[in-house]
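Colleague:
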Amino acid sequence: MAYVNFYFELDVYKLSRQLAKDVYRISKHFPVEEKFSLTDQLRRSSRSVGAQIAESWAKWRYINHFIAKLTDSDAEQYETQHWIEVAFDCELVNDQERELIVKSCEVINQKLNAMMSKASLFCTIGRK
């Protein structure tokens, strides 16, 4: 694992930004009647994945808080998977779009779990 100074250098954070971008692109064409329900829910959860990673970075002094924020991020990626499945069921996204989001979420899940299992490496005393 390469040392990083800031959360935005983390691969998982970069992947979360790409996830939010892909969700935005895919959901741009959802019907207007879904604007305040499915579209907003899907976008909000996908954007929250990276936000929770950023917040976890600020919690480095307290390992349990750090892990809790990563857990929140993981929960948001699962919620994103749920909403993309709903969009697929409603025929608003095709199988290729659904797979793109689900696979991205799965990779993010794996990376978040790896961070949580090695939390002590991220929560080193003296980190700035």
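Start counting the sequence shown at 733; every next residue gets the next number (the numbering used here). We put the CB at the ideal spot given by N, CA and C, even for glycine. Computed from a prediction, not measured in an experiment: that's the story for all the values here.
Do you know offhand how far Ser805's Cα is from Gly782's?
Modeller: Looking up residue 805 in the sequence shown gives position 73. Looking up residue 782 in the sequence shown gives position 50. For Ser805 and Gly782, the distance between alpha carbons rounds to 7 angstroms.
Colleague: Taking the Cβ atom as the reference point for each residue, do Ser852 and Trp815 lie within a distance shorter than 8 angstroms?
Modeller: Here residue 852 corresponds to residue number 120 of the sequence shown, with the count starting at 1. Here residue 815 corresponds to residue number 83 of the sequence shown, with the count starting at 1. No; because the gap between Cβ atoms is not below 8 angstroms, this pair is not in contact.
Colleague: Classify Asn826 as helix, strand or coil using the three-state DSSP reduction.
Modeller: As a first step, residue 826 must be located in the sequence shown, where it is residue number 94. Note: Asn826 maps to coil in three-state DSSP.
Colleague: May I have the straight-line CA-CA distance separating Ile795 from Asp743, to the nearest angstrom?
Modeller: Indexing the sequence shown from 1 puts residue 795 at position 63. Indexing the sequence shown from 1 puts residue 743 at position 11. Cα to Cα, the separation comes out at about 20 angstroms.
Colleague: Hey, could you find the ends of the alpha helix (DSSP H) Ser780 is sitting in?
Modeller: Here residue 780 refers to the residue found at position 48 of the sequence shown. Here the alpha helix (DSSP H) through Ser780 covers 772-790.
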